[in-house]
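Take a look at the structure set out below.
Number of protein chains: 2
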Amino acid sequence: MTRWLDETEQRHWRAYIYATTLLHEKLSRELQEAHGITLADYEILVRLSEAPDRRLRMSHLADATLASRSRLSHQIDRLEKADLVRREACETDRRGSNAVLTDHGWDALVEAAPTHVAGVREHLVDLLTPEQFADLGNALAVVARHLNSPDLPAEQLA
Amino acid sequence: MTRWLDETEQRHWRAYIYATTLLHEKLSRELQEAHGITLADYEILVRLSEAPDRRLRMSHLADATLASRSRLSHQIDRLEKADLVRREACETDRRGSNAVLTDHGWDALVEAAPTHVAGVREHLVDLLTPEQFADLGNALAVVARHLNSPDLPAEQLA
DNA sequence: CAGGGGTGGTTGAAAGCCGGACGACCTGTC
DNA sequence: GACAGGTCGTCCGGCTTTCAACCACCCCTG
Chain A
397 MTRWLDETEQ RHWRAYIYAT TLLHEKLSRE LQEAHGITLA DYEILVRLSE APDRRLRMSH
457 LADATLASRS RLSHQIDRLE KADLVRREAC ETDRRGSNAV LTDHGWDALV EAAPTHVAGV
517 REHLVDLLTP EQFADLGNAL AVVARHLNSP DLPAEQLA
Chain B
397 MTRWLDETEQ RHWRAYIYAT TLLHEKLSRE LQEAHGITLA DYEILVRLSE APDRRLRMSH
457 LADATLASRS RLSHQIDRLE KADLVRREAC ETDRRGSNAV LTDHGWDALV EAAPTHVAGV
517 REHLVDLLTP EQFADLGNAL AVVARHLNSP DLPAEQLA
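Protein sequences appear in the order of chains A and B.
Quick note: to get the numbering used here, add 396 to the position in the first sequence (first position is 1).
Quick note: to get the numbering used here, add 396 to the position in the second sequence (first position is 1).
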């Protein structure tokens, strides 16, 4: 038996779909117009910039950015062509490679970051009260944990 | 001067990106595996099913689903191949076409709806208290309104 | 230390997506 | 009633994503 969404739930759900789609597009477009990179590119650069020696294993980076291995591989191809990232062989595991942020990549990130942060503030954070934003973050943290955990049988909760 | 995100804001922002990406993927994959349609397809079918005579102008449908005209056109191509939707000429405006839900499309929607609703509940609604979910919806409604409105100069708010 | 199963990452082909250009058509104005 | 400017939907070219196959390598087991 399906328990349907009542009218209010449906309204909230549509607001969710609507807002998340629009926000993602807007932030990505702003980055692209100002700096020629997408939001996905930006997130890769951020991860690398935070990593020790500004390098990460491909698979780790794929997990962190929620990309498939194949997708990340292509994406790194492009970033490599743009000289924002380069690949290097992994010392300890000869199957592996590291993605390394180039100096040019670092500079690009430093330039793009204000655009990104301003967008996040303008189109999200500053539209809400601090409590609202905190509640949003906490609620979505629950969702993220749920979706990220290996699928437990639902019964386990009973 | 850029006002950076503090550590807490950053945590919330990452939860946002993480959860919205995962949730979208999960719901789309569930639909695809069970019924061979994506979330975007599903939303088109829903809009058509709710419209008078189960038909809508292409441009209206594009706006409603936040798709570019070009993207919608391709998407309708696919749905037409799958016999879920068909096109028909618009009577009152010879430039236009209507997308019409076929009987088969209606049946597919009726079949897919329980999967979708169950997913939304399992991975979002039922993870939160009713208040949390309502707050989420209301906060995102603010965001959606903001992003949807024609760009006012920021000064207008002062 | 040989073999088998698993993992890391890349690749190519096919499908999907977007922006921009386009032809067709509508509508207001003179 | 002609024309200018807008709107409707499609199409083209180029890029992105996905899927599945693949090679190279690791590691465990016997």
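Heads up, the beta-carbon is just placed ideally off N, CA and C, and yes, glycines get one too.
Runs of the alpha helix (DSSP H) spanning 4 or more residues and lying entirely within the stretch 494 to 547 of chain B occur at 499 to 519 and 526 to 544, in chain order. Within 10 angstroms of the beta-carbon of B/Thr461 lie 16 or more other beta-carbons, which makes it buried. Here the stretch 437 to 451 of chain A makes contact with the stretch 496 to 505 of chain A; the two share three or more CB pairs at distances below 8 Å.
Using a CB distance cut-off of 8 Å, A/Glu446 does not count as an interface residue toward chain B.
With a 10 Å radius around the Cβ and a threshold of 16 neighbouring Cβ atoms, A/Arg450 comes out buried.
Contact check for B/Leu520 against B/Leu419 passes: the beta carbons are separated by less than 8 Å. For the pair A/Leu480 and B/Leu532, the CB atoms are not nearer than the 8 Å cut-off. Per DSSP, reduced to three states, the secondary structure at B/Leu423 is helical.
Our two residues, A/Pro526 and A/Glu518, have alpha carbons roughly 14 Å apart in a direct line. Annotation note: the stretch 413 to 495 of chain B contains the following uninterrupted alpha helix (DSSP H) runs of length 4 or greater, listed N- to C-terminal: 435 to 446, 454 to 460 and 465 to 477.
Here the alpha carbons of B/Asp402 and B/Arg474 stand approximately 45 Å from one another. By a beta-carbon distance limit of 8 Å, A/Val516 contacts A/Leu423. Their separation comes to about 7 Å. Taking each of A/Asn544, A/Ala509, A/Ala535 and A/Ala540 in turn and checking the Cα distance to A/Leu427, the smallest one comes out for A/Ala509. Close to A/Asp531, with beta-carbon spacing below 8 Å, are these residues of chain B in chain order: Gln528, Asp531, Leu532 and Ala535. Chain-ordered, the chain A residues with CB closer than 7 Å to the CB of B/Trp409 read Val516.
In this structure A/Leu536 touches B/Ala411 by the C-beta definition: roughly 5 Å separates them, less than 8 Å. Interface with chain B (8 Å Cβ-Cβ cutoff): A/Ala430 is excluded.
Of all residues in the stretch 475 to 493 of chain B, none places a beta-carbon less than 8 Å from a beta-carbon of chain A. Rounded to the nearest angstrom, the gap between the Cα atoms of B/Tyr414 and B/Arg467 is 25 Å. For the set B/Arg483, B/His500, B/Asp437 and B/Thr404, the Cα lying nearest the Cα of B/Gly492 is the one of B/Arg483. Cβ-Cβ distances below 6 Å link A/Ser464 to nothing in the same chain once the five nearest sequence neighbours on each side are left out. Distance check between B/Lys477 and each of B/Leu457, B/Glu405, B/His512 and B/Ile433 places B/Ile433 closest, using alpha-carbon atoms only. By the neighbour-count criterion, in which 16 or more other beta carbons inside 10 Å mark a residue as buried, B/Glu487 falls on the exposed side. Taking a beta-carbon distance threshold of 8 Å, A/Ala458 does not count as an interface residue toward chain B. Among the residues of chain A, those whose CB is under 8 Å from the CB of B/Trp400 are Val513, following chain order. One thing to note: A/Leu523 has its Cβ no nearer than 8 Å to the Cβ of B/His408. Look at B/His542: its C-beta is under 8 Å from a C-beta on chain A. The beta carbons of A/Thr398 and B/Val513 sit about 6 Å from each other, so the pair counts as a contact at 8 Å.
About 26 Å separates the beta carbon of B/Thr511 from that of B/His456, a gap too long to meet the 8 Å contact definition. Per the C-alpha coordinates, the member of B/Glu421, B/Glu439, B/Glu405 and B/Gln406 positioned closest to B/Leu497 is B/Glu439.
Straight through space, the alpha carbons of B/Glu421 and B/Ser469 are spaced by roughly 23 Å. For B/Thr417, the residues of chain A that pass the 8 Å Cβ criterion are Leu462, in the order they occur in the chain.
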